[in-house]
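See below for the structure under consideration.
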Amino acid sequence: MVRKIIKDTFFLSRKSEPATREDLNIGIDLKDTLAANREACVGMAANMIGIRKRVIIINMGVFDIVMFNPVLLKKDTPYETEEGCLSLEGVRRTVRYQNIEVEYYDMNWKKQRQKLSGWTAQICQHELDHLEGILI
């Protein structure tokens with residue numbers, strides 16, 4: 487289901503709660519909502535669609551990947567950049583890392599570990615910040 491994008495900074499600034507197997511439908515809603523906003527968005531966190539659960543989706547170029555309870559394990563090579571967000575107006579400066587490693591559960595609730603670099607690493611870090619209530 488395509489959901490409305492939340493712009494309430496009070497809601498967005500609250501930490502998200504762990505997801506469970508019963509939350510798999512959130513991944514489907516994130517897929518649908520990202521697809522509907524494809525021209526302006528490359529990733530989303532569940533709080534952006536009004537659900538305070540630790541679920542994100544990121545565009546990996548040719549496909550999207552949903553991550554439940556993602557955890558950043560490693561990061562290296564910091565750099566400064568500017569980012570925008572569907573939930574916020576304008577762009578803001580932030581520090582990201584060129585290379586990261588993240589662990590998460592996939593849509594089949596199997597634990598995965600993924601190394602990301604460049605643009606996909608930046609997208610993932612932005613969405614991970616959303617889960618912590620960090621607004622760029």
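Just so we're aligned: the sequence shown equals residues 487 to 622 in our numbering. A virtual CB, placed ideally from N, CA and C, is assigned to each residue, including glycine. Being a predicted model, the structure only gives us computed values, none of them experimental.
Three-way DSSP call (helix, strand, coil) for residue i in this model
i, result
"N511", "helix"
"M534", "helix"
"G547", "coil"
"L621", "coil"
Distance between beta carbons of residue j and residue i, contact taken as under 8 Å
i, j, result
"N480", "Y590", "With the chain covering only 487 through 622, there is no way to say anything about residue 480."
"L574", "S499", "The pair is not a contact, with the Cβ atoms about 11 Å apart (cut-off 8 Å)."
Minimum Cβ-Cβ distance from residue i to chain C less than 9 Å
i, result
"Q608", "Structure shown: chain C not included; a single protein chain is present."
Bounding residues of the beta strand (DSSP E) (the contiguous stretch that carries residue i)
i, result
"F554", "550 to 571"
Top-ranked residue by Cα proximity to residue i, from the options
i, options, result
"E503", "L614, I622, L621", "L614"
"D592", "I491, T495, T506, K501", "T506"
Heavy atom of the ligand ZN within 8 Å of residue i beta-carbon
i, result
"D562", "This structure simply doesn't include the ligand ZN, nor any ligand for that matter."
Cβ-based burial, residue i [other Cβ within 10 Å; buried from 16]
i, result
"M487", "exposed"
"T495", "exposed"
"A526", "exposed"
"R540", "buried"
"D562", "exposed"
Where the alpha helix (DSSP H) through residue i begins and ends
i, result
"I609", "604 to 617"
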